[in-house]
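Numbered per mature numbering (1 follows the signal peptide of the UniProt record, and there is no 0), the sequence shown spans residues -23 to -1, 1 to 118. Working notes for the structure below.
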Amino acid sequence: MRFGLLGFLVCILVAALAGPASAGITARIDISSQVMNVYEDGELTYTWPVSTARRGYHTPTGTYRAQRIHKMWYSRKYDMSPMPYSVFFKGGYAIHGTNALRSLGRPASHGCVRLHPANARIFYGLVRSSGMENTRIEITR
């Protein structure tokens, strides 16, 4: 099919107004239900139990981009605690694996979002392959 210049410009304008397709990874963490839903290109692909901040600590709410990732990180603030498959989203706050599996599904952390190590590995891999710039982290109460 052949378009004239006007038709071509209309197609470009429509595409620009529509914006990009919902591409990338979105992690939605609900503090009240202690659940993380992971979306790939807008489709729900995973639902996992998490642990967020226990009493006396704080998990920040809001919308963030992944800032940095580490296959293994050790918390200097909390006695070199291991943080496997870390996806940092705000300063020292990260989504990462934990060995405290019995605590998943209830508040138990110092503020990070903790996952089962197998789930943290999956999430880390998604962020790595999609790119930090294409990863959105939404945390609500």
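Glycine included, each C-beta is placed from N, C-alpha and C at the ideal position. Please read all numbers here as calculations on a predicted model, not as lab measurements.
Neighbourhood of residue i by C-beta, 6 Å cutoff - its chain only, sequence neighbours within 5 removed
i     : result
Thr40 : Glu115
Ser58 : Ser52
Arg90 : According to the sequence shown, residue 90 is Val rather than Arg. Closer than 6 Å at the Cβ level, and outside the excluded window around Val90, lie Ile6, Val27, Thr29 and Ile72.
Ser80 : Ser28
Neighbour-count burial assignment, residue i, 16 or more Cβ in a 10 Å radius
i      : result
Leu103 : buried
Leu78  : exposed
Leu92  : buried
Ser10  : exposed
Span separating the alpha-carbon of residue i from that of residue j
i     : j      : result
Ile2  : Arg45  : 15 Å
Val27 : Arg98  : 14 Å
Thr29 : Asp18  : 25 Å
Asn76 : Ile6   : 19 Å
Arg31 : Thr22  : 27 Å
His87 : Pro94  : 17 Å
Ala4  : Arg113 : 6 Å
Tyr62 : Glu20  : 23 Å
Cutoff 9 Å: residue i Cβ touching any chain D Cβ
i     : result
Thr22 : Any reference to chain D falls outside this structure, which holds one protein chain only.
Beta-carbon gap between residue i and residue j smaller than 9 Å
i     : j      : result
Trp50 : His35  : no
Ala43 : Phe66  : yes
Val12 : Phe100 : no
Lys54 : Gly69  : yes
Residues near residue i in its chain [Cβ-Cβ closer than 8 Å; skip 5 each side]
i      : result
Thr24  : Val12, Met13, Asn14 and Val15
Thr38  : Ile8, Ile116, Thr117 and Arg118
Gly108 : Gly1
Next item on the list: Taking only runs that begin and end inside the stretch 80 to 104, name each unbroken beta strand (DSSP E) of 3 or more residues, in chain order.
Entry: Positions of the beta strand (DSSP E) runs, each at least 3 residues long and wholly inside the stretch 80 to 104, are given as 90 to 92 in order along the chain.
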